[in-house]
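These protein sequence lines map, in sequence, to chains G and W.
Per this note's numbering, the very first residue in the first sequence carries number 225; after that it's consecutive.
Per this note's numbering, the very first residue in the second sequence carries number 918; after that it's consecutive.
Even for Gly, the Cβ is constructed at its ideal location relative to N, Cα and C.
Remember, predicted model here, so these are calculated numbers, not experimental data.
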Amino acid sequence: MNNLLKPMQIGPRTAVNRIAINAMEASDALPNGDPSEATYKRYEGYFKGGAGIVVLEAITPQYEHIARANQLSIKEHNVPALKKFVAHLKSLNPDTLIFFQITHSGEISSNRCSTRIRVTEEPLPGYEDAELVREDVIDGVIQDYINGAKLAYEVGADGVDLKLCHGYLGCQILRPYNKDNWKYGGAWENRRQFAVNIYDGVRKAVPDENFIIGSKISVYEGFPGGVGTAGPDSACMDLTETIDLLKTLEEHGCQYIIQSAGSPSHTLDLAHPDIRTPDYAYIHFYFQKVCREALSKNVPVIGSACSIFRDGRKEFYAVKPEKNSFAFWGNKNIEDGIVDAYAIGRQAFADPYLPKKMKEGREKEIKWCTLCDHCVELLIRQDYNVGCCTYDKKYAMLYKDANEKRGVITQKHT
Amino acid sequence: MARFITDACVNCGTCIKWCLQEAIHEGESHMEINPDECVDCRVCEEHCPVGAIENNEKI
Numbered sequence: 225m226n227n228l229l230k231p232m233q234i235g236p237r238t239a240v241n242r243i244a245i246n247a248m249e250a251s252d253a254l255p256n257g258d259p260s261e262a263t264y265k266r267y268e269g270y271f272k273g274g275a276g277i278v279v280l281e282a283i284t285p286q287y288e289h290i291a292r293a294n295q296l297s298i299k300e301h302n303v304p305a306l307k308k309f310v311a312h313l314k315s316l317n318p319d320t321l322i323f324f325q326i327t328h329s330g331e332i333s334s335n336r337c338s339t340r341i342r343v344t345e346e347p348l349p350g351y352e353d354a355e356l357v358r359e360d361v362i363d364g365v366i367q368d369y370i371n372g373a374k375l376a377y378e379v380g381a382d383g384v385d386l387k388l389c390h391g392y393l394g395c396q397i398l399r400p401y402n403k404d405n406w407k408y409g410g411a412w413e414n415r416r417q418f419a420v421n422i423y424d425g426v427r428k429a430v431p432d433e434n435f436i437i438g439s440k441i442s443v444y445e446g447f448p449g450g451v452g453t454a455g456p457d458s459a460c461m462d463l464t465e466t467i468d469l470l471k472t473l474e475e476h477g478c479q480y481i482i483q484s485a486g487s488p489s490h491t492l493d494l495a496h497p498d499i500r501t502p503d504y505a506y507i508h509f510y511f512q513k514v515c516r517e518a519l520s521k522n523v524p525v526i527g528s529a530c531s532i533f534r535d536g537r538k539e540f541y542a543v544k545p546e547k548n549s550f551a552f553w554g555n556k557n558i559e560d561g562i563v564d565a566y567a568i569g570r571q572a573f574a575d576p577y578l579p580k581k582m583k584e585g586r587e588k589e590i591k592w593c594t595l596c597d598h599c600v601e602l603l604i605r606q607d608y609n610v611g612c613c614t615y616d617k618k619y620a621m622l623y624k625d626a627n628e629k630r631g632v633i634t635q636k637h638t
Numbered sequence: 918m919a920r921f922i923t924d925a926c927v928n929c930g931t932c933i934k935w936c937l938q939e940a941i942h943e944g945e946s947h948m949e950i951n952p953d954e955c956v957d958c959r960v961c962e963e964h965c966p967v968g969a970i971e972n973n974e975k976i
């Protein structure tokens, strides 16, 4: 049996297989942040498709600073709808675990539907319009994360992903570019304290080990001063702080890590290797290994950036297709102790039934992501519903509509 | 539009079935892609059983 199909322990819980669904923001919540019919449809697919873990996309505990219009929210008024949503998904498949990814978008909030905040006197180039904030606001953000996690527990989620990746606020505070001397800035110990306070607060608010706590992290953001660089003006990779972050999170109750890299707003290809840069996916293997070696064996590492591999039949060189598929690398990298599981994003849009089809030996029926990245283009627009534009007519038409009304995207970032 | 259908096409119609943009039609000798309708999603290339769809995208 392929290692991807074997069960995996996360804290006291068990994922039935090692295929997770990455948090892919689809901008299709109702105006009050509740799940819509379109949200239901997507997540029903993930649950019926038999994934071991589903990470509910970037759900926000506040609505002033959000990355996309129609973002899901987790506030008191959302509790009844989220309770119903989780119960419905569990009725379809009680075995799949659902973790809510709690987020704050910080400086990369959409300045069309919300406002941006930043944590450095000198703004990151491109984010001059963000308002400078300090601990009086950030302590409130930490409390928002804690409140969000508490509500996630209340509505029946199996855990939370306390988002620390992809250029969102968690990354903005962790990165060396957060260089001013303030409560959560300057020295590394100050910057990591943001994450520590969230973890400690969440576990105190939800003292139940069955409620899983973890994070998606960007091991290396790939631009000067980003996470995993040697300093605020350096692009040189130095993973000392990333490794310390992993160890520190584990000390404070982290039960799993989803590995990523890059930031879709700044270094998109590093986060989502595309058809012109497929080889970047191999760099992620190294990042997965770094995470695996930094953490105890009982804290699983879930890798990402693997939609590019598909069935092996795409633009890679110097490798045989049969030794370059998602199934091949998943099996091998788990066997070799590099990673414990993989999460799919774009591929999950293309075919949420991939885990079930793999389990039933129906690999030939899998609709492979064609790597057109049209879903990513809709994501970049920040206010269009997002889904697979290749296999789902609704999103294919939305993609065409977006190009006709606003022109073709020429820059691959928000 | 960066994709085109070559003479290797056997007119099986698989590409027409998969194309959500209805950008493919029967031509004089083989299937053809309407460049005004095609959004380059690559689904035709993905499912063509004879590999008749090629890419003329600039590197």
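Residues near residue i in its chain [Cβ-Cβ closer than 7 Å; skip 5 each side]
i: G/P400; result: G449, T453, G455 and P456
i: G/Y351; result: E331, R340 and R342
i: W/P966; result: C929 and T931
i: G/A275; result: I243, A244, I245, T320 and P579
i: G/K307; result: V379 and G380
i: G/P236; result: E433 and N434
i: G/L603; result: E249 and V610
i: G/I234; result: I436, Q479, Y480 and P524
i: G/I322; result: V278, L280, V310, L313, A381 and D382
Separation of residue j from residue i, as counted between CA atoms
i: G/V632; j: G/A626; result: 8 Å
i: G/N226; j: G/P488; result: 31 Å
i: G/A354; j: G/V543; result: 45 Å
i: G/N402; j: G/T634; result: 30 Å
i: G/K624; j: G/R416; result: 43 Å
i: G/P545; j: G/A551; result: 11 Å
i: G/H301; j: G/I507; result: 42 Å
i: G/E646; j: G/A291; result: This structure leaves residue 646 of chain G out entirely; chain G is present only between 225 and 638.
i: G/K629; j: W/E949; result: 26 Å
i: W/Q938; j: W/E954; result: 6 Å
i: G/S260; j: G/A250; result: 11 Å
i: G/G372; j: G/D616; result: 32 Å
i: G/E281; j: G/T638; result: 17 Å
i: G/E288; j: G/E589; result: 43 Å
i: G/Q512; j: G/Q295; result: 29 Å
i: W/F921; j: G/V610; result: 27 Å
i: G/N434; j: G/A411; result: 34 Å
i: G/N241; j: W/N951; result: 43 Å
i: G/I366; j: W/I933; result: 52 Å
i: G/I558; j: G/N522; result: 14 Å
i: G/H496; j: G/L316; result: 30 Å
i: G/L470; j: G/K440; result: 11 Å
i: G/P255; j: G/S297; result: 10 Å
i: G/L463; j: W/W935; result: 45 Å
i: G/Y504; j: G/Y510; result: 11 Å
Chain W contact for residue i (CB, 8 Å cutoff)
i: G/Y577; result: no
i: G/T594; result: yes
i: G/H328; result: no
i: G/H301; result: no
i: G/H598; result: yes
Contact set for residue i: own chain, Cβ-Cβ below 6 Å, skip 5 residues either direction
i: G/I370; result: G425, V426 and A429
i: W/C926; result: H947, M948 and A969
i: G/I526; result: A244, I482, A565 and A567
i: G/I207; result: Coverage of chain G is limited to positions 225 through 638, which leaves residue 207 of chain G absent and any answer about it impossible.
Sequence-distant residues of the same chain with beta carbon closer than 8 Å to residue i, five excluded per side
i: G/D607; result: S251, R292, A293, N294, S334, R336 and C337
Any C-beta of chain W within less than 8 Å: which residues of the region 605 to 620 of chain G qualify?
Residues of the region 605 to 620 of chain G with a C-beta atom less than 8 Å from some C-beta of chain W are C613, T614, Y615, D616, K617 and A620, listed in chain order.
Taking only beta carbons into account, state which residues of the region 496 to 509 of chain G come closer than 8 Å to chain W, listed in chain order.
When CB distances to chain W are screened at a threshold of 8 Å, not a single residue of the region 496 to 509 of chain G falls below it.
If you scan the region 495 to 560 of chain G from start to end, which runs of the alpha helix (DSSP H) of 4 or more residues do you find wholly inside it?
The qualifying runs are 504 to 518 and 550 to 559.
Which ranges would you report for the beta strand (DSSP E) in the region 386 to 463 of chain G if only whole runs of at least 3 residues count?
Runs of the beta strand (DSSP E) inside the region 386 to 463 of chain G: 436 to 442.
Taking only beta carbons into account, state which residues of the region 950 to 964 of chain W come closer than 7 Å to chain G, listed in chain order.
Taking 7 Å as the Cβ-Cβ cut-off against chain G, the residues of the region 950 to 964 of chain W that qualify are V956, D957, C958, R959, V960 and E963.
With 9 Å as the C-beta to C-beta threshold (strictly closer), list the residues of the region 403 to 426 of chain G near chain W in chain order.
Hits within the stretch: zero.
At what residue ranges does the region 274 to 356 of chain G contain a whole run of the beta strand (DSSP E), taking only runs of 3 or more?
Fully enclosed beta strand (DSSP E) runs of 3 or longer: 277 to 283 and 321 to 326.
Closer than 9 Å between beta carbons: that is the criterion. Which residues of the region 621 to 633 of chain G meet it against chain W?
From the region 621 to 633 of chain G, only M621, Y623, K624 and N627 have a Cβ closer than 9 Å to chain W.
Segments of 4+ residues assigned as alpha helix (DSSP H) that fall wholly inside the region 558 to 625 of chain G
For the region 558 to 625 of chain G, the full-length alpha helix (DSSP H) segments reaching 4 residues or more read 570 to 574, 578 to 583 and 598 to 605 along the chain.
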